[in-house]
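Residue numbers (the UniProt record's numbering): 1 to 163.
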C-alpha cells in the first residue's frame, strides 16, 4: 500500500454515539470538518471533545480515515467483524498506507488535508462493538487529519500524498 489509494466509503454521525450513516458525498470544510458530522459544529458533539466555542480547536478532529484492509484483517485474524461504519471513522480507504501520512499533506477528493496523528482505537469503540477490537486495531485504527482546503469527497475519489 503505497502511493495513491481510493475512498471506498464515507460515514458521518450527527452527534456522539449516533449510528454512522453512509454518504454518497460530503463537503469537507477547512478547520471545521465534514458538514453534518458530530465534530463539525461550533460546540463539538463528539464523544471525546469538551472544548468551548471560544477555545482553540484541537488538531486531528476534522477527519478520520481507516484502511479497509485493516478492517478485513481483524476479521480474519481475530474473528472481529465490523458492520459498515461501526469502526466510527469517516472515510474507509483502499490501497493507501495511512500511517505513512502522519505529518504529511495529502489530497482526498477535492480537499487538501494534513495527517495529524494515528487514530488509535479507544475503550468507547470496544464498548459499542466487541471485546478484542481495541487490541486488534492497535496501530492500524486509522488516521486523524486536519482539513486545510475545502472540497467535496466522494467514494472512488483518489487519496494521494502531496509531498
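Virtual Cβ for every residue (Gly too), placed ideally from N, Cα, C. Fair warning: this is a prediction, and the values are worked out from it, not measured in the lab.
Taking the straight line between their C-alpha atoms, what separation do you get for residue i and residue j?
i: residue 116; j: residue 156; result: 23 Å
i: residue 166; j: residue 141; result: Outside the shown range of the chain (1 to 163) lies residue 166, about which nothing can therefore be said.
i: residue 110; j: residue 26; result: 11 Å
i: residue 68; j: residue 7; result: 10 Å
i: residue 113; j: residue 95; result: 18 Å
i: residue 28; j: residue 103; result: 19 Å
i: residue 92; j: residue 10; result: 6 Å
i: residue 19; j: residue 74; result: 21 Å
i: residue 50; j: residue 39; result: For residue 50, the predicted structure reports a pLDDT of 48, less than 50, and the residue's modelled location is therefore unreliable. A value from the coordinates is still provided. Roughly 11 Å between the two C-alpha positions.
i: residue 76; j: residue 5; result: 22 Å
i: residue 147; j: residue 87; result: 21 Å
i: residue 122; j: residue 154; result: 27 Å
i: residue 21; j: residue 136; result: 24 Å
i: residue 16; j: residue 66; result: 19 Å
Need the endpoints of the alpha helix (DSSP H) that residue i sits in, please.
i: residue 71; result: 68 to 78
i: residue 136; result: 133 to 136
Could you have a look at residue i and say whether DSSP puts it in helix, strand or coil?
i: residue 13; result: coil
i: residue 108; result: strand
i: residue 101; result: helix
i: residue 117; result: strand
i: residue 154; result: coil
How far does the beta strand (DSSP E) with residue i in it reach, from first residue to last?
i: residue 145; result: 143 to 149
i: residue 94; result: 91 to 94
i: residue 28; result: 26 to 29
i: residue 21; result: 21 to 23
Starting from the C-beta of residue i, find all residues in its chain whose C-beta is less than 7 Å away, skip the five residues before and the five after it, and write them out in chain order.
i: residue 149; result: 30, 111, 112
i: residue 37; result: 12, 13, 90
To which residues of the same chain is residue i closer than 6 Å at the C-beta, ignoring the five residues directly before and after it?
i: residue 119; result: 64, 141, 142, 143, 144
i: residue 35; result: 27
i: residue 60; result: 116, 117, 144
i: residue 139; result: none
Who are the near neighbours of residue i in its chain, counting only those whose CB is closer than 8 Å to its CB and skipping five residues on each side?
i: residue 152; result: 25, 26, 27, 28, 109, 110, 111
i: residue 162; result: 104, 105, 106, 107, 112
Answer yes or no: does any C-beta atom of chain C fall closer than 8 Å to that of residue i?
i: residue 153; result: Among the chains in the structure shown there is no chain C, since it carries only a single protein chain.
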